[in-house]
Amino acid sequence: MYLGVLICLLGAARCSNKKMCPCPEISSRNDTQPPAKNCYQISETFRYTCKDPNLRKAGTSNFIKCKQDGNGSPHWSPLNISLKCIPDPNRTIQQPPSSTVTKGHTDIPHDFTIATTVSEFCMCMKKVQYH
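Read in order, the letters of the sequence shown correspond to residues -15 to -1, 1 to 116 in mature numbering (1 follows the signal peptide of the UniProt record, and there is no 0).
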């Protein structure tokens, strides 16, 4: 008996939800932010927003509208929008500071020349044997 009442209540909630929110769920896109709400009425509009740091490419559309033709089911139109999200061309990407590796002495300015002469000094010793 309790199971039958529970099924009835769940069915009623689903039906009333369709009347209160007749438009289908907005299709998600990987490159856009999710809708702020999930209940839309017929004739309501929605604009997709590109995820940061991207923006909408000029000439592409991010606009859809919930429509109902005659007695048909409500739907979002157009079905295939032309929206393209691209990297913001005005945004600069900061590069991490580069590290430099130094070899030897670098404190000598390049416009100086240092010359040295190295002489070999050899000390020779004779081994003397005593008898």
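Note that beta-carbon positions come from the ideal geometry of N, C-alpha and C, so glycine has one too.
Rounded to the nearest angstrom, what separates C8 and C51 at their Cα positions?
If you number the sequence shown from 1, residue 8 lands on position 23. If you number the sequence shown from 1, residue 51 lands on position 66. Distance between the alpha carbons of C8 and C51: 6 Å.
In terms of residues, what are the limits of the alpha helix (DSSP H) holding N2?
Within the sequence shown, numbered from 1, the residue matching residue 2 stands at position 17. Taken as a continuous stretch (DSSP letters only), the alpha helix (DSSP H) holding N2 covers Y(-14) to M5.
Following a CB-centred definition, is K69 positioned closer than 7 Å to any heavy atom of the ligand MG?
This structure simply doesn't include the ligand MG, nor any ligand for that matter.
Taking the beta carbon of T17 as the centre, do at least 16 other beta carbons fall within 10 Å, making it buried, or is it exposed?
As a first step, residue 17 must be located in the sequence shown, where it is residue number 32. Its Cβ being crowded by 16 or more others within 10 Å, T17 is buried.
Give every residue of the same chain whose Cβ lies closer than 6 Å to the Cβ of S67, excluding the five residues on either side of it in the sequence, and list them in chain order.
Stepping through the sequence shown from its first residue, residue 67 is reached at position 82. T45 and S46, listed in sequence order.
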